[in-house]
Structure formats: structure tokens, C-alpha cells
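*Asks:* Position one of the sequence shown corresponds to residue 251 (my numbering), numbered consecutively onward.
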Amino acid sequence: MKNPYDYLFNGVCFVFIDLRFLGIADTDILPDFIGYLFFAFGIHMLPSFHNIKRWSKNFAIILAVLSFFVELDQWLGYKMLGEVGVQFIQFLFIVFMYVVFQLLLHIHKNKPLEAKTFKTYQKFIAFMLCGFVIQSFSINIDASMRENVHFIGSVLQLLAYFFFTFYFRACHKYYKEINENKVPSLK
């Protein structure tokens with residue numbers, strides 16, 4: 251069985267990392283909608299039968315569709331949605347990660363990983379929200395300072411990404427230990 255945390259990590263990487271071609275400024279090599287599909291598959295593989303799992307998987311699919319249209323708008327150069335579409339998707343991503351962490355807290359209940367999940371959840375959401383608010387309101391700041399303020403918001407969100415990366419490593423080790431300790435049945 252494959253590790254569901256690998257798919258969650260790949261989803262976060264696809265959403266966070268924006269690699270663009272040098273000649274084509276608006277073409278992202280790692281499209282966000284593929285990252286949300288990784289999330290949906292990773293959530294599907296998690297060992298739980300709770301309603302939060304179903305809701306978070308459906309939320310990931312909805313975000314994949316919305317993200318596809320926002321990126322299609324950017325790829326085609328229409329810019330109908332503009333920065334509002336990108337900010338809206340980013341806000342929905344924060345809400346989605348809240349739901350994912352609630353699912354992970356439900357899964358790791360009464361296990362050693364629960365404390366790490368909760369601490370990571372608190373830091374991740376705090377840094378993501380602070381970065382989002384700073385970036386959202388950077389348009390109201392003088393043009394000479396706008397780039398610096400936007401950079402600060404990006405750094406805060408990058409820190410959230412690193413917190414999730416360290417959490418992923420702990421989950422990966424935990425999942426590996428559990429699967430190594432299972433004894434195959436003789437049936």
C-alpha cells in the first residue's frame with residue numbers, strides 16, 4: 251500500500267511552488283489543480299471513515315476545478331479573474347488545510363503523532379493567515395513599499411510550507427513504522 255502522506259506532500263508542493271518558463275511568464279510548470287488532485291487521492295487513502303474525510307476529498311476536487319479555471323484564465327491571458335481569483339483560491343486553500351488538519355487530528359487521535367499534528371496545525375494556519383492578510387492588503391500600501399510588504403507575506407507562507415514539510419517527515423516515519431510492525435495474516 252502506498253503512503254497517503256506522500257500524496258498530501260506532493261499536493262502541497264504543487265500548490266506552493268510556482269515554476270514558470272522564462273519565455274512564457276504565466277505558464278506554471280506545476281499547476282495547482284494537479285496538486286489538489288494529489289490531495290484528493292491522498293485523503294482517499296487515509297485510514298478513516300469519517301465525514302470529514304468525505305468533505306475534505308470533495309473540497310479538494312472542487313478546488314481542483316476552480317484552480318483549473320483560474321490557471322486557464324492566466325494561461326490564455328484573459329485576466330478576467332485577475333488577482334481576485336488567485337486570492338480567492340488562496341483563501342479557499344487555507345480553509346481546505348484547516349479541514350485537512352481536522353481530519354489528521356481525527357486520524358491520529360490518542361497516538362504519538364497527535365501532539366505534532368496539533369502544533370503544526372496551529373503554526374501552519376497562523377502563518378498562512380498572516381501571509382494572506384498581508385498580501386491581500388498590500389494593494390493599499392504605497393507603491394514603493396508594496397513589493398516589500400508582499401515579500402513579507404510570501405515569507406510567512408513559505409514558513410508555513412516548511413512546517414508542513416517537517417510534519418510530513420514525521421508522518422512518513424510514523425506510517426512506515428506502523429506498516430513494518432504489521433504481521434501478515436496466514437489466510
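Glycine included, every Cβ here is placed at the ideal spot set by N, Cα and C.
Are any of the Cβ atoms in chain C nearer than 7 Å to that of F414?
*Replies:* Within the model displayed, chain C is absent; a lone protein chain is all it includes.
*Asks:* Are the CB atoms of F264 and I293 nearer to each other than 7 Å?
*Replies:* Position 14 of the sequence shown, counted from the first residue, corresponds to residue 264. Position 43 of the sequence shown, counted from the first residue, corresponds to residue 293. Remark: C-beta atoms of F264 and I293 do not approach each other more closely than 7 Å.
*Asks:* Hey, is the stretch 384-398 in contact with the stretch 369-376, meaning 3+ C-beta pairs nearer than 8 Å?
*Replies:* By the Cβ test, the stretch 384-398 is not in contact with the stretch 369-376, since fewer than three Cβ pairs between them sit closer than 8 Å.
*Asks:* Could you tell me the alpha carbon to alpha carbon distance between V336 and V320, rounded to whole angstroms?
*Replies:* One-based indexing of the sequence shown puts residue 336 at position 86. One-based indexing of the sequence shown puts residue 320 at position 70. Near 7 Å, if we compare the C-alpha coordinates of V320 and V336.
*Asks:* Are there 16 or more other CB atoms within 10 angstroms of the CB of I357, so buried, or fewer, so exposed?
*Replies:* What you label residue 357 is simply residue 107 of the sequence shown in a count that begins at 1. Burial call: buried.
*Asks:* With distance defined between alpha-carbon atoms, name the residue in P297, Q324, I339 nearest to L313.
*Replies:* Within the sequence shown, residue 313 is the residue found at index 63, counting from 1. Among P297, Q324, I339, the Cα nearest to that of L313 belongs to I339.
*Asks:* Over what stretch of residues does the alpha helix (DSSP H) that includes D282 continue unbroken?
*Replies:* Position 32 of the sequence shown, counted from the start, is the residue given in the question as residue 282. Looking at the DSSP string, the run of the alpha helix (DSSP H) that includes D282 is 282-295.
*Asks:* Classify P362 as buried or exposed, calling it buried when 16 or more other Cβ atoms lie within 10 Å of its own Cβ.
*Replies:* As a first step, residue 362 must be located in the sequence shown, where it is residue number 112. That one is exposed.
*Asks:* Let me know the secondary structure DSSP gives S298 once reduced to three states.
*Replies:* Locating residue 298 in the sequence shown gives position 48, where the first residue counts as 1. Coil.
*Asks:* Are the beta-carbon atoms of G403 and I384 separated by less than 7 Å?
*Replies:* Walking along the sequence shown from the start, residue 403 turns up at place 153. Walking along the sequence shown from the start, residue 384 turns up at place 134. It is a contact, given that the beta carbons lie within the stated cut-off.
*Asks:* Check for me: the alpha helix (DSSP H) holding I232 runs from which residue to which?
*Replies:* The structure shown does not extend to residue 232, since the chain is modelled only from 251 to 437, so the question has no answer here.
*Asks:* Tell me which residues share the same chain as S306 and place their Cβ nearer than 6 Å to its Cβ, disregarding the 5 neighbours each side in the sequence.
*Replies:* Within the sequence shown, numbered from 1, the residue matching residue 306 stands at position 56. The residues are I293, V349, V350, L353.
*Asks:* Whole angstroms are fine: how far does the CA of A420 sit from the CA of K303?
*Replies:* Position 53 of the sequence shown, counting from 1, holds the residue named residue 303. Position 170 of the sequence shown, counting from 1, holds the residue named residue 420. Approximately 21 Å between the Cα atoms of the pair.
*Asks:* Take T415 as the anchor and find which of V262, A365, C380 has the nearest alpha-carbon.
*Replies:* Taking the first residue of the sequence shown as position 1, residue 415 is located at position 165. When only C-alpha atoms are compared, the closest one is V262.
*Asks:* How many Å lie between C380 and L406 at the Cα?
*Replies:* The residue you call residue 380 lines up with position 130 of the sequence shown. The residue you call residue 406 lines up with position 156 of the sequence shown. If you take the alpha carbons of C380 and L406, they lie about 7 Å apart.
*Asks:* Going by the beta-carbon positions, is the gap between N253 and Y424 smaller than 7 Å?
*Replies:* In the sequence shown, residue 253 corresponds to position 3, counting from 1. In the sequence shown, residue 424 corresponds to position 174, counting from 1. It is not a contact, given that the beta carbons lie outside the stated cut-off.
*Asks:* Pick from H300, F413, F266, N301: whose alpha carbon is nearest that of Y286?
*Replies:* Numbered from its first residue, the sequence shown carries residue 286 at position 36. Residue F266 is the option with its Cα nearest to Y286.
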